[in-house]
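*Asks:* Residue numbers (the working numbering), protein chains in the order written: chain A, 1115 to 1421; chain B, 1115 to 1421.
Think of the CB as a built atom: it goes at the ideal place given N, C-alpha and C, for glycine as much as any other residue.
Dumping the structure here so I can ask a few things about it.
There are 2 protein chains.
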Amino acid sequence: MIKNIYDSIIIGASAGGISAAIYLKRNNLNFLIIAKDIGGEMALSGIIENYPGFPVTNGVELTRKFKEHMEKYKIQPLNEKVILLEKDNSNFLVKTENNVYLTKTVIVATGSTPKKLNVPGEEKFFHKGVSYCSVCDLPLFQNKVVAIVGGGNSANEAGIMGSKICKKVYIINKNPEMKGDKILIEELKAKQNVEIIYNALTQEIYGYQFVEGIKYLDKSTNEIKDLKVDGVFIHIGLKPNSNFIPDEWGVKNEYGEIIINQLGQTKINGLFAAGDVTNIPHKQIGIAVGQGIISALEVARYLSTKG
Amino acid sequence: MIKNIYDSIIIGASAGGISAAIYLKRNNLNFLIIAKDIGGEMALSGIIENYPGFPVTNGVELTRKFKEHMEKYKIQPLNEKVILLEKDNSNFLVKTENNVYLTKTVIVATGSTPKKLNVPGEEKFFHKGVSYCSVCDLPLFQNKVVAIVGGGNSANEAGIMGSKICKKVYIINKNPEMKGDKILIEELKAKQNVEIIYNALTQEIYGYQFVEGIKYLDKSTNEIKDLKVDGVFIHIGLKPNSNFIPDEWGVKNEYGEIIINQLGQTKINGLFAAGDVTNIPHKQIGIAVGQGIISALEVARYLSTKG
Chain A
1115 MIKNIYDSII IGASAGGISA AIYLKRNNLN FLIIAKDIGG EMALSGIIEN YPGFPVTNGV
1175 ELTRKFKEHM EKYKIQPLNE KVILLEKDNS NFLVKTENNV YLTKTVIVAT GSTPKKLNVP
1235 GEEKFFHKGV SYCSVCDLPL FQNKVVAIVG GGNSANEAGI MGSKICKKVY IINKNPEMKG
1295 DKILIEELKA KQNVEIIYNA LTQEIYGYQF VEGIKYLDKS TNEIKDLKVD GVFIHIGLKP
1355 NSNFIPDEWG VKNEYGEIII NQLGQTKING LFAAGDVTNI PHKQIGIAVG QGIISALEVA
1415 RYLSTKG
Chain B
1115 MIKNIYDSII IGASAGGISA AIYLKRNNLN FLIIAKDIGG EMALSGIIEN YPGFPVTNGV
1175 ELTRKFKEHM EKYKIQPLNE KVILLEKDNS NFLVKTENNV YLTKTVIVAT GSTPKKLNVP
1235 GEEKFFHKGV SYCSVCDLPL FQNKVVAIVG GGNSANEAGI MGSKICKKVY IINKNPEMKG
1295 DKILIEELKA KQNVEIIYNA LTQEIYGYQF VEGIKYLDKS TNEIKDLKVD GVFIHIGLKP
1355 NSNFIPDEWG VKNEYGEIII NQLGQTKING LFAAGDVTNI PHKQIGIAVG QGIISALEVA
1415 RYLSTKG
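Here's what the structure looks like:
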């Protein structure tokens, strides 16, 4: 039934997966890149000032550049969702909703997805004032009031961006201080129209047809407080997209991240990983790129030694 | 005598070092970046088609982009040559030809330098027809005849570039086949004006005021052969720039490469490395970038846990 065996299948087409694909192609390997979208979290990033070589860009623009790079090599991602990875002797079966593919190696570069608050109104008002993508949606809130929920770099970046667009930006942070790059935190705190609320647990997002406000528990006073806002941006962390890898394989840590060494290898021969889905504690585009390249070159080496 | 202690000193200002510097700056750390040049081997690269996000660029152009990125953050490399690294309790002394700097951490990103053939005429005709930088110097050889000595990716790339500029390109390869990316090798072999000479050991580069020819030993016939060429480009490998690190520290392998783990750590606390100077077998700009970023973020973490 399965006629073709691939040299490699890359799962995911964001920074890590695209970088791996470019290198597999340059090595003339027979591979697929399967992804449910292009750019992943990169595409949802706001202003990007830390991908070396691009002094200033943004997620949409940088994704376009990566896509252009892929198209130059005539690499066309397959738009399918991978649901299960299985072993088949020394090979792998990659199962999507409609197909099964056989391959000698796999590079997992599926990234991670934004965590949900799981509060009333979050789902109801999604795309009606609730967003997980500041760069996509903040420009819709010119001179409006928004709340950004979170306390790390994504929240910092969203806050800085929002300060330039919106009339007022609240940062709702459950912790007693902001985390992330100090330079960003200082920039955020210097903004006149940004107000950081600490020790604040979001309880509810409410409205009628569109978001009208947000309620939070002030942990220092134990009071429920209410802010009138037009939009809510949620930046509370990321969950690795690794569910399709069986837990029994023992390649994931307690957070679901894939454990790799400096060559992108997992403890299963032929299974590699790169980018935000791995246990490298820093989730950065430039790191995903480096790991995607290493994985691809290690795939090439693995295949040539395997014969 | 030494008044100041830095959080970190980055040695080297090419892809890895500049990436590290951008991230240290974003973390508001007090650091120096010391380098004898900017861009290192990256600046000497020909056409670059594998730094993700830049479908086509070249070494000069990409170095300019990295420099621009660094200048945006007001990072100014110190133009000195590091001659020795010493330990000073838990800190490090970085000794240059004229100064000594004290620092809590060090990121070594010094890259590697081209290997010499060590044949008569190589030194005499340097910059008079002999070059280690195809992208800088091939354009000077419009409609001329050049020899490229080497058998790997750099030689492949130089050959392809040369085929578009020169009348004739010889590749002088001591091995019986070309190594490196198959896609490049195929492209090179398809060029009408490129002739690959295998099993050929370069003996001498000769001329009067300028290169006029090259002699090699044909290992299959044991004859010395002579080619009339106007230029010789040498691409026979790289030597890691790690001499200033004491061998007794045991952080280098037999090739002089610095041994790192996936977090850029060496076995000495506070000493990190990134890029071509490390033992990662693949020497690529995108990999150096990823490792530079990881090292910088690990420096930040090391300093915050060290207090």
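#1: Under 8 angstroms Cβ-Cβ, which residues of chain A neighbour B/F1168?
#2: I want to see whether chain A comes within less than 8 angstroms of B/G1421, judged by CB atoms only; does it?
#3: Applying the criterion that 16 or more other CB atoms from any shown protein chain within 10 Å of the CB defines a buried residue, is B/L1254 buried or exposed?
#4: Would you mind working out which of A/I1401, A/Q1379, A/P1290, A/I1286 sits nearest A/H1349, comparing C-alpha positions?
#5: Residues of chain A with a CB under 8 angstroms from the CB of B/E1352: which are they?
#6: Roughly how many whole angstroms lie between the Cα atoms of A/P1191 and A/I1372?
#7: Can you give the Cα-Cα distance for A/T1335 and A/K1258, rounded to whole angstroms?
#8: Could you name each continuous beta strand (DSSP E) segment of 3 residues or more that falls completely within the segment 1268 to 1345 of chain A, going from the start of the chain to the end?
#9: Counting only C-beta atoms, is A/S1133 closer than 8 angstroms to chain B at any point?
#10: Just mark B/Q1256 as buried or exposed, buried being the case when its beta carbon has 16 or more other beta carbons within 10 Å.
#11: In chain order, which alpha helix (DSSP H) runs of at least 4 residues are fully inside the segment 1347 to 1401 of chain B?
#12: Taking only beta-carbon positions, decide if A/N1141 is within less than 8 angstroms of chain B.
#13: Excluding five sequence neighbours on each side, which residues of the same chain lie with their C-beta closer than 6 angstroms to the C-beta of B/I1403?
#14: Compute the beta-carbon to beta-carbon distance between A/G1384 and A/Y1165, rounded to the nearest angstrom, for a pair I have assumed lies under 8 angstroms.
#15: Consult DSSP for A/V1233 and reduce its assignment to one of helix, strand or coil.
#16: Just how far apart, CA to CA, sit B/G1406 and A/N1144?
#17: Decide if the segment 1150 to 1157 of chain B is in contact with the segment 1166 to 1177 of chain B; the criterion is three or more beta carbon pairs, one per stretch, under 8 angstroms apart.
#18: May I ask you to verify whether the segment 1378 to 1393 of chain A touches the segment 1353 to 1366 of chain A, counting CB pairs closer than 8 angstroms and requiring at least 3?
#19: By how many angstroms is the C-alpha of A/V1196 removed from the C-alpha of A/N1289?
#20: If you measure from the beta carbon of A/A1269 to each beta carbon in chain B, is any gap under 8 angstroms?
#21: Can you tell me whether A/D1295 is buried or exposed, with buried defined as 16 or more other CB within 10 angstroms of its CB?
#22: Please state if the CB of A/T1224 and the CB of A/G1080 are separated by a distance shorter than 8 angstroms.
#23: Would a check of beta-carbon distances place B/I1221 closer than 8 angstroms to chain A?
#24: In chain order, what residues of the same chain have a beta carbon less than 8 angstroms from the beta carbon of A/V1233, not counting five sequence neighbours either side?
#25: Look up A/F1240 in the DSSP assignment and give the residues it is bridged to.
#26: Does any C-beta atom of chain B lie closer than 8 angstroms to the C-beta of A/H1396?
#27: How about B/M1184 and B/A1135: do their beta carbons lie closer than 8 angstroms?
*Replies:* On the basis of the coordinates in this document:
#1: G1167, K1179, H1183
#2: Interpretation of B/G1421 is limited by its pLDDT of 48, a score under 50 that renders its predicted location unreliable; the figure taken from the coordinates is listed afterwards. Not closer than 8 angstroms to any Cβ of chain A, the Cβ of B/G1421 fails to qualify, so no.
#3: exposed
#4: A/I1286
#5: A small correction: the amino acid at residue 1352 of chain B is Leu; Glu does not occupy that position in the sequence shown. One finds nothing in chain A with a Cβ atom closer than 8 angstroms to the Cβ of B/L1352; even the nearest lies about 16 angstroms away.
#6: 22 angstroms
#7: 28 angstroms
#8: For the segment 1268 to 1345 of chain A, the full-length beta strand (DSSP E) segments reaching 3 residues or more read 1282 to 1286, 1308 to 1311, 1314 to 1321, 1325 to 1332, 1337 to 1342 along the chain.
#9: yes
#10: Per the 10 Å Cβ criterion, exposed.
#11: none
#12: yes
#13: The residue you asked about is not Ile; residue 1403 of chain B is Val in the sequence shown. Taken in chain order, the residues that qualify are A1129, S1133.
#14: Rounded, the Cβ-Cβ distance is 30 angstroms, inconsistent with contact.
#15: coil
#16: Approximately 31 angstroms, taken between the alpha carbons.
#17: yes
#18: The answer is yes - the segment 1353 to 1366 of chain A touches the segment 1378 to 1393 of chain A, with three or more Cβ pairs under 8 angstroms.
#19: For A/N1289 and A/V1196, the distance between alpha carbons rounds to 36 angstroms.
#20: no
#21: buried
#22: Nothing about residue 1080 of chain A can be reported from this structure: the residues present for chain A run from 1115 to 1421 only.
#23: The C-beta of B/I1221 comes no closer than 8 angstroms to any C-beta of chain A.
#24: T1316, Q1317, E1318, I1319
#25: A/V1244
#26: yes
#27: Yes, the Cβ-Cβ distance between B/M1184 and B/A1135 is below 8 angstroms.
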